[in-house]
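Novice: One structure coming up, written as structure tokens, with questions to follow.
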């Protein structure tokens, strides 16, 4: 049997993006669930995306899979299952708001990890005192049509949007996110997947022609950590190329 020929690939070039809204502003339209202790993704009926945990104040016994810790809206530390980083020093005053944004990075599907719950697992403590009275906001990211624009600024926990035009019949292409750090990408509200170039080896995301259309197309980026700063030579942009890169460098083990 003769194998099929490779599909045509197109390079649609650089696409400039602009801030659309922050995660925290977007989540204000979503319901929050109060609880005595943090709820898992599963108990919130959330199977992807992130959960925003809030209470009034620090140490996490476990987090699955990656948690961004904020105190009164200022990022103070990062919790990461992969690095076994479960403690963050927080110099807090009474009455300050503690926020932890937890991202699910996928599920263990074998062996002892088969029951791989996501979220803040175990008690959250300030010193030896367990923090209680949480609000839990589930943020689904399969469909992002519910997100509305706001005037927020910043480079982390932000949604960015842009448009690009296609003349003629669309072809397959690949999305490059050089200068971005870690997040999720959508084209025409179709989720392409996660990007995390520094971890490698994948540096591009495949964009099938079936989700593209002749004329204007939209792209949305949700950046969790740090976007390009927009200074000269550092456009807030992405690029569509006709060449994939799936064998980039990876950190030393």
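Numbering (UniProt numbering), first residue to last: 1 to 253.
Where a beta carbon is used, it is the ideal one built from N, C-alpha and C, also for glycine.
The structure displayed is predicted, hence computed values, not measured ones.
Would you kindly work out how many angstroms separate the C-alpha atoms of residue 70 and residue 170, rounded to a whole number?
Specialist: 42 Å
Novice: So what's residue 251 in DSSP terms, helix, strand or just coil?
Specialist: coil
Novice: What does the alpha-carbon distance come out to for the pair residue 200 and residue 245?
Specialist: 10 Å
Novice: What are the start and end residues of each continuous beta strand (DSSP E) run of 3 or more residues lying completely inside the stretch 187-231, in chain order?
Specialist: 190-195, 204-207 and 215-223
Novice: Go ahead and label residue 146 buried or exposed: buried means 16 or more other beta carbons lie within 10 angstroms of its beta carbon, across all protein chains shown.
Specialist: exposed
Novice: Under 8 Å between the Cβ atoms of residue 205 and residue 192?
Specialist: yes
Novice: Ends of the beta strand (DSSP E) at residue 32?
Specialist: 32-35
Novice: Could you tell me which residues DSSP puts in a beta bridge with residue 159?
Specialist: 21 and 222
Novice: Do the stretch 219-229 and the stretch 171-186 touch if we need at least three Cβ pairs shorter than 8 Å?
Specialist: As far as the Cβ criterion goes, the stretch 219-229 touches the stretch 171-186, which means the pair count is three or higher.
Novice: Could you please give the first and the last residue of the uninterrupted beta strand (DSSP E) stretch that includes residue 44?
Specialist: That residue, residue 44, is in no beta strand (DSSP E); it is neither H nor E in DSSP.
Novice: Short of 8 Å in beta carbon distance, which residues of its chain neighbour residue 172, apart from the five on each side in sequence? Order them along the chain.
Specialist: Here the set comprises 7, 8, 9, 10, 206, 207, 208 and 209.
Novice: Could one say the Cβ of residue 21 lies closer than 8 Å to chain B's Cβ atoms, at least one of them?
Specialist: Protein chains in the displayed structure number just one, and chain B is not present.
Novice: Which value, in whole angstroms, describes the spacing of the CA atoms of residue 226 and residue 156?
Specialist: 5 Å
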